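There are 6 protein chains.
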Amino acid sequence: MLMDQHIRSIVGAALLEDAPWGDITSETLIPADAVATALLVAREPGVFSGGAVFAAAMTLTSADISVSLALGDGDAFDRGAVLAEVTGPARAVLQAERIGLNFVQRMSGIATLTARYVAEIAGTRAHIVDTRKTTPGLRQFERHAVRSGGGKNHRFSLSDAVMAKDNHLAVLTAGGRDLTEALREVRLRLSHTTHLEVEVDRLDQIEPVLAAGVDTIMLDNFSLDEMREGVALIGGRAVVEASGNVNLDTVGAIARTGVDVISVGALTHSVRSLDIGLDIALESR
Amino acid sequence: MLMDQHIRSIVGAALLEDAPWGDITSETLIPADAVATALLVAREPGVFSGGAVFAAAMTLTSADISVSLALGDGDAFDRGAVLAEVTGPARAVLQAERIGLNFVQRMSGIATLTARYVAEIAGTRAHIVDTRKTTPGLRQFERHAVRSGGGKNHRFSLSDAVMAKDNHLAVLTAGGRDLTEALREVRLRLSHTTHLEVEVDRLDQIEPVLAAGVDTIMLDNFSLDEMREGVALIGGRAVVEASGNVNLDTVGAIARTGVDVISVGALTHSVRSLDIGLDIALESR
Amino acid sequence: MLMDQHIRSIVGAALLEDAPWGDITSETLIPADAVATALLVAREPGVFSGGAVFAAAMTLTSADISVSLALGDGDAFDRGAVLAEVTGPARAVLQAERIGLNFVQRMSGIATLTARYVAEIAGTRAHIVDTRKTTPGLRQFERHAVRSGGGKNHRFSLSDAVMAKDNHLAVLTAGGRDLTEALREVRLRLSHTTHLEVEVDRLDQIEPVLAAGVDTIMLDNFSLDEMREGVALIGGRAVVEASGNVNLDTVGAIARTGVDVISVGALTHSVRSLDIGLDIALESR
Amino acid sequence: MLMDQHIRSIVGAALLEDAPWGDITSETLIPADAVATALLVAREPGVFSGGAVFAAAMTLTSADISVSLALGDGDAFDRGAVLAEVTGPARAVLQAERIGLNFVQRMSGIATLTARYVAEIAGTRAHIVDTRKTTPGLRQFERHAVRSGGGKNHRFSLSDAVMAKDNHLAVLTAGGRDLTEALREVRLRLSHTTHLEVEVDRLDQIEPVLAAGVDTIMLDNFSLDEMREGVALIGGRAVVEASGNVNLDTVGAIARTGVDVISVGALTHSVRSLDIGLDIALESR
Amino acid sequence: MLMDQHIRSIVGAALLEDAPWGDITSETLIPADAVATALLVAREPGVFSGGAVFAAAMTLTSADISVSLALGDGDAFDRGAVLAEVTGPARAVLQAERIGLNFVQRMSGIATLTARYVAEIAGTRAHIVDTRKTTPGLRQFERHAVRSGGGKNHRFSLSDAVMAKDNHLAVLTAGGRDLTEALREVRLRLSHTTHLEVEVDRLDQIEPVLAAGVDTIMLDNFSLDEMREGVALIGGRAVVEASGNVNLDTVGAIARTGVDVISVGALTHSVRSLDIGLDIALESR
Amino acid sequence: MLMDQHIRSIVGAALLEDAPWGDITSETLIPADAVATALLVAREPGVFSGGAVFAAAMTLTSADISVSLALGDGDAFDRGAVLAEVTGPARAVLQAERIGLNFVQRMSGIATLTARYVAEIAGTRAHIVDTRKTTPGLRQFERHAVRSGGGKNHRFSLSDAVMAKDNHLAVLTAGGRDLTEALREVRLRLSHTTHLEVEVDRLDQIEPVLAAGVDTIMLDNFSLDEMREGVALIGGRAVVEASGNVNLDTVGAIARTGVDVISVGALTHSVRSLDIGLDIALESR
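Protein chains in written order, with the numbering used here: chain Z, 20 to 304; chain F, 20 to 304; chain Y, 20 to 304; chain S, 20 to 304; chain A, 20 to 304; chain C, 20 to 304.
Laid out in structure tokens, this is it:
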């Protein structure tokens with residue numbers, strides 16, 4: 020869950036980035052006592068994420084702004100839906116507008132895309148998960164958005180789970196060392212709460228990896244047939260993750276091979292902001 | 020230009036976000052004395068941006084990593100091109116890989132997209148400029164990427180130029196006040212270095228705005244015919260900016276109406292990471 | 020305008036600098052439940068600036084202090100005027116006193132000096148502006164104080180306007196290059212919102228600079244006669260800034276030459292704190 | 020002594036304040052490979068302070084700048100003296116110039132003023148000390164400058180010494196309590212390293228304060244005759260500090276009354292920047 | 020006294036360290052609307068310290084938590100005593116529990132140990148003081164805890180008092196220089212508020228040190244007989260501090276030698292957390 | 020592993036805490052050009068931890084100090100062993116001494132205590148792990164020290180593993196809900212890399228918990244007989260953690276019951292600093 024302290028820190032920095040010495044347009048053109056009422060309106064359908072972040076952009080700009088969220092994170096909405104109402108000093112609302120939108124458009128964009136992936140795999144046992152291909156500095160916000168869309172999160176960082184890839188395996192088995200033995204020794208050195216995931220490129224790697232007692236096996240760039248065979252081989256002895264060539268066209272078939280987890284870099288490495296706008300009405304007091 | 024101090028601050032925070040207490044995979048699987056040689060390779064053609072940022076991700080992870088950039092920011096490259104070479108402790112190179120890529124993929128993605136817009140308007144007097152629809156916290160990086168792609172930057176923030184939009188004009192002319200008079204007074208209250216830009220929705224707004232002596236007039240959502248007429252009306256007395264409905268299909272025609280500046284939110288509000296990879300070779304010492 | 024977030028950051032740091040582990044005098048000598056009522060009193064006439072900053076020094080020290088400002092920033096006052104009233108826990112009021120005064124004395128000192136310059140040029144078209152000769156870390160506070168005194172601000176920083184001085188012009192015209200051509204090319208490389216100001220030392224530089232279409236010409240260390248001639252030559256085609264040898268004795272004559280802007284480093288490079296005191300009455304509860 | 024870590028923090032923040040996204044003038048007008056050689060030159064005589072701070076402004080802007088200081092902090096110089104030499108990339112030298120000057124002009128201004136006070140009291144036992152009337156955020160720099168000028172520092176902050184003033188004494192003796200007894204109890208509650216200073220307004224307060232065993236007695240706004248009498252009364256049993264109405268005209272006579280310490284708020288509460296300039300010569304490589 | 024700003028900074032960082040992206044256990048297992056009522060209960064007798072710090076851990080986690088402290092810092096309590104009551108959202112109370120306890124257990128552990136030392140020297144003139152052997156980052160909290168236990172603080176840092184040890188004295192008297200002379204010169208260079216303490220290893224060092232007019236003499240690792248002799252020699256002309264081999268068995272005898280101050284590194288260099296627990300009752304709304 | 024960036028941040032803050040405006044003792048008493056050679060010497064046997072942290076305290080104080088570590092973290096040493104050699108400017112070495120020692124004494128104290136626990140369970144399958152009862156702000160340092168002593172780490176924070184305790188289970192089964200069903204649903208909501216640990220108080224809770232497929236079962240305050248029975252019941256289907264009443268006298272017997280993991284709060288909740296000193300020799304240049 021997003022920590023309030025973290026939201027305030029990230030959003031506060033973004034507000035200062037966008038107005039280091041105030042909003043000279045509003046200060047010059049808008050009377051200090053003008054009041055704005057604004058609606059956050061969806062210009063296309065989607066899944067909401069970032070309500071608390073949008074609200075923080077407003078209330079950190081002025082404690083006199085009040086924000087009422089009409090939807091919770093994870094709620095779907097249609098084009099034209101009112102997502103939130105904002106009331107407060109007009110100068111402050113105008114100043115906060117762009118930053119509030121920048122956050123909620125991106126987070127809702129991620130949630131909406133995630134939900135499309137999730138919809139494609141409905142009825143299967145699989146889960147959609149994110150990757151570490153997140154925007155620097157915004158990982159927690161983007162992981163939250165993935166959850167809003169019905170996805171789950173992969174490891175948060177390099178510090179909280181082991182993922183052994185081809186490079187690592189090559190080092191482990193250098194000099195002809197047995198892979199199972201090598202992985203068993205790795206397992207012994209890890210803390211008991213540390214998840215051990217190993218990426219395999221070929222079916223014949225599965226058995227030696229499984230024999231070492233790993234938690235997850237990632238099938239990297241397997242064909243659908245190989246994936247099915249891999250799932251059968253593993254037989255519930257480890258979580259099975261599929262990775263590579265995942266898109267909205269392929270994800271359904273991948274899920275139907277029986278894998279447990281499908282990781283999708285596209286959820287966050289490329290972000291299409293959802294079209295959400297702020298309709299503002301001003302009145303002087 | 021990006022300040023070194025700023026690069027170190029942003030990249031350092033991203034590295035800590037991705038490895039708050041180290042990379043447990045590398046520490047468990049890779050010998051401390053293993054050395055990595057890595058090539059930053061383009062998997063698709065594009066325009067380079069973020070070389071110094073990529074290098075900082077490496078050298079901030081370990082002062083023993085050396086990075087040699089093969090291209091400068093703004094250079095175009097083909098698929099397969101080697102963009103940089105990296106040598107250093109294998110653990111550190113593997114730890115820095117994802118963050119280095121996250122930055123350079125996004126920045127080169129923006130530069131590449133910008134360059135496509137710029138190419139579409141070749142031969143016209145127009146310039147492509149960005150907007151404030153940037154990723155929170157990364158505005159300077161993204162503006163730099165726009166410049167790498169041959170674009171220019173709009174105002175940096177709410178603090179350094181005035182942009183009067185419909186809401187503001189409505190307030191200015193409340194009670195039947197004359198727009199020209201109102202804008203003249205605004206001008207008087209601004210510092211002499213502050214740029215004054217006014218957004219108009221209709222052709223008949225141009226003359227009263229011009230009469231006040233503004234610096235730039237933004238034609239918002241004008242048709243091509245209206246745009247041409249607007250350019251003629253303004254006749255060089257102010258910079259002309261076109262905004263709204265700008266995409267790769269429309270931008271050429273817009274530019275040929277004679278406008279000076281075309282602002283494109285899509286340059287940064289939705290980012291497609293360019294496919295750039297790091298090919299790593301390990302050797303034990 | 021000063022951002023609340025910025026005020027809190029700067030004032031909070033100043034309070035910690037002055038009392039890293041509390042005010043041991045108050046804690047030892049004043050009962051915890053003593054209450055103080057205090058008046059912020061002018062010991063000499065002047066122009067007020069820094070009300071919100073003074074208030075922040077109080078309320079950041081203790082949320083139980085209330086501050087009522089009697090004047091707004093920019094208001095003039097006589098000797099003996101009450102500028103603000105403060106009520107709250109005596110320990111906290113005593114602890115915050117010096118920092119509150121340090122800020123408001125300096126800011127009101129700058130506002131008062133600025134107002135004297137502004138008074139000297141009454142009836143002319145000129146404006147008084149500040150420079151980058153501000154106290155490191157306090158630029159926004161000092162620029163605000165200049166505005167309180169009726170002045171305007173020059174560019175905020177090196178990042179938001181171009182100012183080409185003699186050194187730059189020498190480089191531009193190295194190898195006999197034409198100045199007008201060189202400046203035109205500079206203009207083309209700038210964003211449309213970036214103000215371009217060029218400093219000239221001699222009258223014969225004005226025409227080639229003007230021909231390039233610059234926004235402001237600064238007449239550096241011109242005699243009054245040269246200034247008048249410069250203003251006439253420029254003829255409204257650019258803003259005219261006067262700089263050099265500006266003091267309270269000379270500023271009136273300078274303004275009457277017809278220049279638009281007079282920059283005065285002395286507004287901030289040397290600060291005379293205005294004599295403002297806090298008269299405190301204590302009572303035990 | 021100034022800590023390197025502290026200098027880097029303060030100067031780094033000042034550089035970012037002055038060039039948040041670079042120096043667009045230098046970047047537009049100066050070739051990237053141009054080299055600058057610059058002399059820091061005194062335009063009036065004075066006492067040097069801030070050498071390390073000036074150097075940090077340069078080297079933090081570019082690690083390729085080298086600075087050679089010709090004088091140490093505390094050294095006196097004549098008009099025209101070269102205080103330091105700077106060599107490095109021209110863009111960086113130009114960018115750092117203003118911030119480097121802002122610091123060294125202010126610090127040398129304080130040192131020079133302090134030295135004038137110190138000169139006035141030559142031959143007496145007295146020392147000139149500063150007060151807490153420093154620029155918020157720059158206290159350590161300004162205290163250092165006072166030492167450069169031959170002065171000493173008073174307490175650093177509210178946390179490291181007790182100074183009981185009239186308000187405090189009124190509270191202490193409320194209800195007719197004996198002052199000596201009250202101060203003795205205060206003394207008992209203090210740490211043994213905490214200095215206890217008491218301000219007195221009248222001669223008859225001295226004996227009861229002394230009887231409590233305080234470390235310093237401050238004679239506030241005493242006439243010269245009263246001061247002499249006070250010094251005699253105290254007779255070496257406590258340090259004697261004079262405060263109030265101290266200026267360059269009065270300080271000599273005050274010192275000759277025999278006091279030990281004279282505190283001078285004017286050293287820092289109003290700063291006249293010393294006229295020091297940077298003479299820059301550019302050459303292209 | 021602990022500054023609120025400092026408490027918030029330290030406690031906020033600790034909360035983020037312990038839950039960088041939330042408490043996934045509570046978020047998964049506890050309903051969002053569940054309410055917790057909790058008692059902070061002593062599982063062993065002791066002296067309370069850290070009430071405000073404990074409360075901050077709760078209220079910084081959620082502004083909806085209310086904390087009512089039953090004891091003030093410095094109050095003694097028995098096993099089973101209720102030290103505070105907490106009410107608020109169950110998720111937040113559970114999330115804050117460990118950090119709140121970590122602080123209050125350590126601070127009360129220090130206060131309790133200090134109180135035991137203080138009890139051992141009851142009836143003597145001596146005071147127990149801490150040293151600089153504190154936990155990095157928590158010095159102010161630990162000094163506060165020492166005061167809660169009835170102890171006093173030694174100098175806060177290297178910046179606020181001089182303590183000359185054997186190494187320093189060796190340097191001072193290198194080349195046969197007279198120690199008294201050397202120390203007198205040191206004294207002259209110090210500010211009048213700076214405490215000068217000198218450590219001696221032998222009785223014959225006392226007279227030359229005293230002759231220089233130092234504030235405190237520390238008797239380092241003296242036997243009880245030597246200490247008594249030292250106290251007599253000094254005869255009230257300086258504060259006498261005992262240091263070395265101080266523990267609960269020896270401190271009473273040391274105090275009875277007549278020393279003024281006994282410094283005890285063990286108060287903070289080794290911390291035994293006091294056994295304090297949080298008894299939590301949950302109810303769903 | 021400790022990140023360099025993290026070490027610099029924590030150690031830098033500690034150095035500033037201990038010398039906010041320098042070390043006035045060294046600056047007053049030690050010549051600027053004096054050189055110190057120092058040995059870090061063990062005054063009692065133990066296990067080393069914190070070498071890099073100690074070195075950082077030195078080199079961050081002065082880049083002219085060089086540190087040569089004689090032991091690696093995790094190496095055991097005898098009384099009198101030289102752990103590191105330090106050479107550099109005497110003022111800086113003296114200034115850094117206390118902070119360097121504060122860190123290395125505490126970290127080596129934790130490593131040494133951990134090693135004693137590890138020695139007690141030699142020959143069993145069990146591992147010693149730490150808890151979240153760490154010093155606020157120093158968790159990464161203390162976890163590193165536990166690893167130096169041969170222990171392993173439990174979860175880093177509330178964010179990276181689920182640990183369901185009695186309170187949570189009570190909520191889960193409120194209204195008579197089946198525990199196995201409830202835990203299965205919890206499992207489904209977790210990410211696949213998230214470790215799920217459940218604490219049980221009674222043997223009859225084990226089977227329903229196991230049936231839900233949890234990763235670790237913690238036996239809380241079980242007798243040795245119950246523990247043995249619990250291990251047999253679980254039969255390798257989950258990791259078994261023992262917790263409660265663990266001390267050096269009991270840990271061996273606990274380990275011999277066959278549990279996998281023994282968590283020991285005492286490793287970090289109470290720290291006994293190891294007696295390590297710095298023997299400094301000064302020489303003037």
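Each residue gets a CB set at the ideal place from its N, CA and C atoms; glycine is no exception.
Since we're looking at a predicted model, the values are computed, not measured.
- Taking Y:Ser242 as reference, the option from Y:Asp220, Y:Arg256, Y:Val233 with the minimal CA-CA separation is Y:Asp220.
- At the C-beta level, Y:Ala89 and Y:Val30 stay beyond 7 Å of one another.
- Going by DSSP, A:Met182 is part of the beta strand (DSSP E) stretching over 180–183.
- Within the region 52–66 of chain Y, no residue places its CB atom closer than 8 Å to a CB of chain A.
- Sequence-distant Cβ neighbours of F:Ala33 in its own chain, meaning closer than 8 Å and more than five residues away, are Ala76, Ile118, Asn121, Phe122.
- Per DSSP, the unbroken alpha helix (DSSP H) holding S:His163 starts and ends at 158–167.
- Boundaries of the alpha helix (DSSP H) harbouring Z:Ala71: 70–80, taken from the DSSP string.
- Around the beta-carbon of C:Leu238, 16 or more other beta-carbon atoms lie within 10 Å, marking it buried.
- Per DSSP, C:His214 lies in no alpha helix (DSSP H); the unbroken beta strand (DSSP E) holding it starts and ends at 214–219.
- When 8 Å is used as the limit between beta carbons, S:Gly31 is near these residues of chain F: Gln24, in chain order.
- For S:Gly70, no CB of chain Y lies under 7 Å from its own CB, so it is not counted at the interface with that chain.
- Residues of chain Z whose Cβ lies closer than 7 Å to the Cβ of Y:Gln159 are, in chain order, Trp40.
- At a cut-off of 7 Å between beta-carbon atoms, Y:Met77 makes no contact with chain Z.
- Looking at the DSSP output, Y:Asp239 sits in a beta bridge with Y:Ser262.
- Proximity to F:Ser282 across F:Gly170, F:Asp197, F:Ile253, F:His214 peaks at F:Gly170, based on C-alpha coordinates.
- The residue from S:Phe96, S:Leu79, S:Thr47 with its alpha-carbon nearest to that of S:Leu59 is S:Phe96.
- For Z:Asp37, the residues of chain F that pass the 7 Å Cβ criterion are Arg151, Ser176, Leu177, in the order they occur in the chain.
- Think of a sphere of 7 Å around the beta carbon of C:Val280: the chain Z residues whose beta carbon falls inside it are His211, in chain order.
- DSSP places C:Ala55 inside the beta strand (DSSP E), whose first and last residues are 54–61.
- Collapsing the DSSP output to three states places Z:Ile118 in a helix.
- One finds His211, Thr212 in chain Z with Cβ atoms closer than 8 Å to the Cβ of C:Thr235, taken in chain order.
- Put simply, the region 203–221 of chain A does not touch the region 63–70 of chain C. Fewer than three CB pairs are less than 8 Å apart.
- Within chain Z, not a single residue places a beta-carbon under 8 Å from that of C:His187; the smallest gap is close to 16 Å.
- Excluding the 5 residues flanking it on each side, Y:Asp294 has same chain C-beta neighbours closer than 8 Å at Ala61, Arg62, Glu63, Gln124, in chain order.
- The C-beta of F:Ala180 comes closer than 7 Å to at least one C-beta of chain Y.
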